[in-house]
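Trainee:
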Amino acid sequence: MTDMARRRFLVGTGLVGLGGLTVESLGQASRAATPTSGSPTAADRTAIPYPTLARPFAMPGVKDQDWTGALFVTRDEARFAVRVGLLTAAGALIREKMTSNLWRFGPSAPDGVYKQVVVSSDDRKIMPAHLDALREVIAHPDWFTAQEVTQAQATLPQLEATYATVQAQKRSIRVRYARTDGGRSVVAAVTALDADLSIVLEAAAPWTETPKFELANGCVVGTEPGLLNPSRTGHFALAPDEAARRATLYASVGDMIAGETGKSGAAGTAVAALRYDLVKGQTITFTATCDDVPVTLETAPRHKTMALLDSAQARVARGYLTGTGPVGRVADAVRDALSLNTNYDKTTFRNFVMWGWGGAGGLFTGWDSAFDAIEAASVSADLAMQHERDVFAAPPPPNQVKINGPRYDQQNSGPMHAYAVWRLYTRLGDRDLVDAAYPQLVTFFDLLPEWDADGDGLLESPYFGDRVGGRGNHLGLDDSPVYAEYQKIPKKGGSGDPRPNSNLTDVALNAYYALMAEILAKMARSQGRSADATRFDAIYERIKAGVNARLWNEKRGLYLSRYLDGSWNEVVTPTVFYPLFAGLATPERARVLVEEHLLDRKEFWGEYVIPSVARDDPTYCSGGPVHPRSRHFKFFTKYGDGTAPEQWKGAAWPPMNFTVYEGLKRYGFEREAGEFAARSARMYLDAYDRDGWFSESFDPEPGQSIMDSAVDTAWRTYSWSNAMAVQTMQELLSDDPWGDDPEALMFGSLTLPGTNSLANLVLRGHRYAITSGPRSTTLTRDGRPVFRARGGRVAVRDFVRSKNGASFDITAGAPTDVVVIPGNGRAHRVRVPAGHSHVEF
């Protein structure tokens, strides 16, 4: 079908024109439909203050693991979805929930301006590392038991044959999207990366909506009543650049899958499917749009669509978070990962960050989501605010204490969401979120004393027994060996939470408890609630005194959990450092923790940090046989089994790393914090570069096969994984959550390797860029220089710039010349010595 024939078809149906398409301007709101007779007024529109979601909008992805698709939403929530499905050589259709089939993604923008993914029929359930491990067993029978050798000899040929078949039948496609026409349309391209493959271009409902589709001259037209106002109809159109080999309408998704995989599928109007057979390197393009009124869609010639896509891809680096050096690589990876995991909440009409499980029921309001909000703030203020507002708008989960927002069954959900809200305030300056979250957080906090079994002001861990998910689930610590020996004791009174109490006074839990009191005091003070601030300050000091009196083990030089009979829990995990995060440690105890334990290679330090249990603890990597001469079996036992760390017996967890890093920064361990962040980022990038995954947890040794359990299906794209990498960005440039002035900045690093830069980092409405290296550090705001240091590396804290002056603390690695330009543009110069200095003018 020619372009002219398609244009005549669309005009003949009464659809209104898009005309010449242009890539959506970066940072611009999706424009409203052009007013026409009878069109809605602004007052009719859903009141959602987020520019990327102004109706109508089209957004690539934003549905659980539907990464080759795009979502279309009109003003009244008429919803349509486009998907690109891949047919395998075995006749299966890969169309959504395709985590296992995701090979590479990015560059991408969180607001959908551009998105790119590669998916494949190879789900990588068998990887070369698995085969190499079995070959090593066979090659070195003296290293392993006879049973292990026999099993390897039997298993390897089967796996090699399966692997060879999968590779021979491998089919891969690249899908690219760009938003156009103010955001209500997308242009897209699908390219075959392997020979002789088939795809299905599908138009359907994203969830349980009931659109109706029609086919005419190779195009798809759809209508659906709005979910908010069924009397108003939403409209959709899809036009490919060439006719499909076969175009079919089906009664349901199930019928479509059956019909496209060689079975019988009932006809209907619920799904439209366009079938294409492609050769290697062949590309098809299409345009799709939605609106509140009938629309005309003119398909751009293929070369124009490809030019639009190339332009959008180039703009990602110019207008969104990016950088150079190792930190720049982290910035690009985190930007792309969070863009991939941006989802749409069909209930509250917001975007949010999808956690690891993906399609397990939408927004998760537990501990994980707090890290997601903090990570997202580095990438998109819009996404971060939508996400955290959604947490506090969400209804309480069934069978939980009736508190909207953070889950009460995870006691650190409240503290971490309090911290996330405060970080969004110090980072973005949004007081409305603080005001909205504060009452719910206070309610959450005031329930926590039900876990104080002995009335001493410190909390004991709730008792989970042998429940699936682990005894430490209240803290997101699942199966940590810290909780292996605790005992159940009765709980008196409380909120109605059915769990018993336990006899373990928990270091991590009390650190979070104190943190929440401190944050609530800050929030109260920012709102002028002086009585509340005084109350929470007093509680914080009481917890601080109790932790130092009861939970500091002088002999070990560690904060350790303790049983109510006074005996110590001797298991050493990174939670021993959590009192740094909460500001509970004395300066001397902080020094002991860092210098004598964190930096001790026998305990925690290493090329990768930080293992979930100390390296010299008996539980470390105790889940499988270890041979000291084996490259593959130090942490990987055999194919089909878990790995020796077993997640909580040595695996490195991003939230743990983030928490330890924050504690280091809080106490001014600048060199150690920079090195810690660099090692965390190296671990993240090693896996990301090799496999294209950002997994839930990581093996704590370089060169090992990444953990089976950490990358099984949805675990390959676990949102909180980015907390492992965000540390380096915060090391280079960040807000300061601990200072007295919420507008203060921290920037520069004494120990990040090489020269690093970040660009397009938004803090409190301003766009910052920073470059930091061995001899100089430069900071710009909105394109204008505000700080320059030459002579050595510097780490700057509490940086507050006004119209006529500035003040900050600076640690310099060598004598350094500093220039600061306040708002009036008059440069101030000062030379600072090596070491720590305070500058004010």
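Mapping the sequence shown onto the working numbering, position 263 (from 1) lands on 250, and the numbers just tick up by one.
All residues carry an ideal CB built from backbone N, CA and C; glycine is no exception.
Just so it is clear, the structure is predicted and the values come from calculations on it, not from any experiment.
#1: Given a cut-off of 8 Å on the beta-carbon distance, is the pair Phe828 and Ala793 in contact?
#2: Flag this pair as yes or no: are the beta carbons of Glu437 and Gly392 separated by less than 8 Å?
#3: Would you call the segment 520 to 531 and the segment 591 to 608 touching, i.e. three or more CB-CB distances under 8 Å?
#4: Assuming Ser759 and Asn743 form a contact by the criterion Cβ under 8 Å, report the distance between their Cβ atoms to the nearest whole angstrom.
#5: Taking the alpha carbon of Trp276 as the reference point, which residue from Asp686, Met114, Gly221 has its own alpha carbon closest?
#6: Have a look at the DSSP bridge pairing and note the partners of Asn218.
#7: With a Cβ-Cβ cutoff of 8 Å, do Tyr550 and Trp539 count as a contact?
#8: What runs of the alpha helix (DSSP H), each 4 residues or longer, lie entirely inside the segment 347 to 378?
#9: Taking only the alpha-carbon atoms, compute the straight-line gap between Asp603 and Gly752 and give it to the nearest angstrom.
#10: If I follow the unbroken alpha helix (DSSP H) through Gln474, where does it start and stop?
#11: For Ala577 and Leu567, which I take to be in contact (beta-carbon distance under 8 Å), what is that distance rounded to the nearest angstrom?
#12: Name the two residues that bound the continuous beta strand (DSSP E) containing Glu831.
#13: Smallest Cα separation from Asp377: which of Ala364, Thr197, Ser356, Pro144?
#14: Any chance the segment 269 to 284 sits against the segment 228 to 245, with 3 or more Cβ pairs inside 8 Å?
#15: Run through DSSP, which three-state label would Thr272 get?
#16: Go ahead and pull the three-state DSSP assignment for Leu750.
#17: Please identify the residue among Phe786, Ala776, Leu732, Phe92 whose C-alpha is closest to the C-alpha of Leu415.
#18: Given a threshold of 16 other Cβ atoms within 10 Å of its Cβ, counted over all protein chains shown, does Glu541 qualify as buried or as exposed?
#19: Report the CB separation of Met503 from Trp409 in whole angstroms; it is logged as a contact under 8 Å.
#20: Can you tell me the Cα-Cα spacing of Gln474 and Pro809, whole angstroms?
#21: Where does His815 sit, in a helix, a strand or coil, going by DSSP?
#22: So, at 6 Å on beta carbons, what are the nonlocal neighbours of Phe795 in its own chain, with the 5 sequence-adjacent residues on each side left out?
#23: In whole angstroms, what separates the C-alpha of Ala674 from that of His374?
#24: Going along the chain, which residues of its own chain have a beta-carbon closer than 6 Å to the beta-carbon of Gly99, five neighbours each way excluded?
#25: Taking just the CA atoms, how far does Leu428 sit from Arg516?
#26: Using CA atoms only, rank isn't needed, just tell me which of Asp519, Gly459, Ser513, Ala364 is closest to Thr492.
#27: What are the start and end residues of each continuous alpha helix (DSSP H) run of 4 or more residues lying completely inside the segment 648 to 685, in chain order?
#28: Bridge partners for Thr758 per DSSP, in chain order?
#29: Distance check for Ala294 and Gly173, CA to CA, integer angstroms please.
#30: Between which two residues does the beta strand (DSSP E) carrying Ala259 extend?
#31: With a CB to CB cut of under 6 Å and the five nearest residues on each side skipped, what residues in its chain are close to Ala712?
#32: With three or more beta-carbon pairs closer than 8 Å as the criterion, would you say the segment 279 to 298 touches the segment 71 to 85?
#33: Tell me which residues share the same chain as Ala238 and place their Cβ nearer than 7 Å to its Cβ, disregarding the 5 neighbours each side in the sequence.
#34: Between which two residues does the beta strand (DSSP E) holding Arg529 run?
#35: Which residue or residues does DSSP assign as beta-bridge partners of Met403?
#36: From Arg777 to Ser599, what does the alpha carbon distance come to, in whole angstroms?
Mentor: Reading it off the structure:
#1: For this step, residue 828 is matched to residue 841 along the sequence shown. For this step, residue 793 is matched to residue 806 along the sequence shown. Yes, they are a contact pair.
#2: Counting from one through the sequence shown, the residue named residue 437 turns up at place 450. Counting from one through the sequence shown, the residue named residue 392 turns up at place 405. Not closer than 8 Å, so no.
#3: no
#4: Position 772 of the sequence shown, counted from the first residue, corresponds to residue 759. Position 756 of the sequence shown, counted from the first residue, corresponds to residue 743. Indeed they touch by this definition, with Cβ atoms about 6 Å apart.
#5: Locating residue 276 in the sequence shown gives position 289, where the first residue counts as 1. Correcting the residue type first, residue 276 is Thr in the shown sequence and not Trp. Among Asp686, Met114, Gly221, the Cα nearest to that of Thr276 belongs to Gly221.
#6: In the sequence shown, the residue the question calls residue 218 occupies position 231. Here the sequence assigns Ser to residue 218, which means Asn is not the residue at that position. None; Ser218 has no bridge partner.
#7: By one-based count along the sequence shown, residue 550 stands at place 563. By one-based count along the sequence shown, residue 539 stands at place 552. The answer is no: Cβ separation not under 8 Å.
#8: 354 to 366
#9: Here residue 603 is taken as the residue at index 616 of the sequence shown, counted from 1. Here residue 752 is taken as the residue at index 765 of the sequence shown, counted from 1. Spanning the two alpha carbons is a distance of roughly 47 Å.
#10: Translated into the one-based positions of the sequence shown, residue 474 becomes position 487. Gln474 -> no alpha helix (DSSP H), and no H or E assigned at all.
#11: Counting from 1 along the sequence shown, the entry for residue 577 is found at position 590. Counting from 1 along the sequence shown, the entry for residue 567 is found at position 580. Right, the Cβ-Cβ distance comes to about 6 Å (below 8 Å), so this counts as a contact.
#12: The displayed coordinates of the chain run from -12 to 828. Any statement about residue 831 would go beyond what the structure contains.
#13: Taking the sequence shown and counting its residues from 1, the one referred to as residue 377 is at position 390. That would be Ser356, whose Cα lies nearest to the Cα of Asp377.
#14: yes
#15: The sequence position of residue 272 within the sequence shown is 285, counting from 1. In the structure shown, Thr272 sits in a strand (DSSP, three-state: E or B).
#16: Here residue 750 refers to the residue found at position 763 of the sequence shown. Correct three-state label for Leu750: strand.
#17: As a working note, residue 415 is residue 428 in the sequence shown. Nearest of Phe786, Ala776, Leu732, Phe92 to Leu415, Cα basis: Leu732.
#18: Numbered from 1 along the sequence shown, position 554 holds the residue referred to as residue 541. Result: exposed.
#19: As a first step, residue 503 is located in the sequence shown; it is residue number 516 there, counting from the start. As a first step, residue 409 is located in the sequence shown; it is residue number 422 there, counting from the start. Actually they do not touch by this definition, with Cβ atoms about 10 Å apart.
#20: Locating residue 474 in the sequence shown gives position 487, where the first residue counts as 1. Locating residue 809 in the sequence shown gives position 822, where the first residue counts as 1. For Gln474 and Pro809, the distance between alpha carbons rounds to 59 Å.
#21: Stepping through the sequence shown from its first residue, residue 815 is reached at position 828. His815: strand per DSSP, three-state reduction.
#22: Position 808 of the sequence shown holds residue 795. Excluding sequence neighbours, Phe795 sits near Val783, Asp785, Phe786, Val826.
#23: Residue mapping note: residue 674 aligns to position 687 of the sequence shown, counting from 1. Residue mapping note: residue 374 aligns to position 387 of the sequence shown, counting from 1. Looking at the two C-alpha atoms, the distance is approximately 27 Å.
#24: The residue labelled residue 99 in the question sits at position 112 within the sequence shown. The answer, listed in chain order, is Met46, Pro47, Arg166.
#25: Translated into positions along the sequence shown, residue 516 becomes position 529. Translated into positions along the sequence shown, residue 428 becomes position 441. Each residue's Cα considered, the two are about 15 Å apart.
#26: As a working mapping, residue 492 is identified with position 505 in the sequence shown. Cα-wise, what sits closest to Thr492 is Gly459.
#27: 657 to 678
#28: If you number the sequence shown from 1, residue 758 lands on position 771. Paired residues: Ser744, Thr765.
#29: Counted from its first residue, the sequence shown places residue 173 at position 186. Counted from its first residue, the sequence shown places residue 294 at position 307. The residue you asked about is not Gly; residue 173 is Val in the sequence shown. C-alpha separation (whole angstroms): 13 Å.
#30: As a first step, residue 259 is located in the sequence shown; it is residue number 272 there, counting from the start. Here the beta strand (DSSP E) through Ala259 covers 258 to 265.
#31: Taking the sequence shown and counting its residues from 1, one reaches residue 712 at position 725. Here the set comprises Val317, Val321, Ala668, Tyr671.
#32: no
#33: Position 251 of the sequence shown, counted from the start, is the residue given in the question as residue 238. These residues qualify, in order along the chain: Ala253, Ala254, Gly255, Ala257.
#34: For the purposes of this step, residue 529 is taken as the residue at position 542 of the sequence shown. Looking at the DSSP string, Arg529 is not in any beta strand (DSSP E); the run it does join, the alpha helix (DSSP H), is 517 to 537.
#35: Numbered from 1 along the sequence shown, position 416 holds the residue referred to as residue 403. According to DSSP, which records beta bridges pairwise, Met403 is partnered with nothing at all.
#36: Position 790 of the sequence shown, counted from the start, is the residue given in the question as residue 777. Position 612 of the sequence shown, counted from the start, is the residue given in the question as residue 599. Approximately 39 Å, taken between the alpha carbons.
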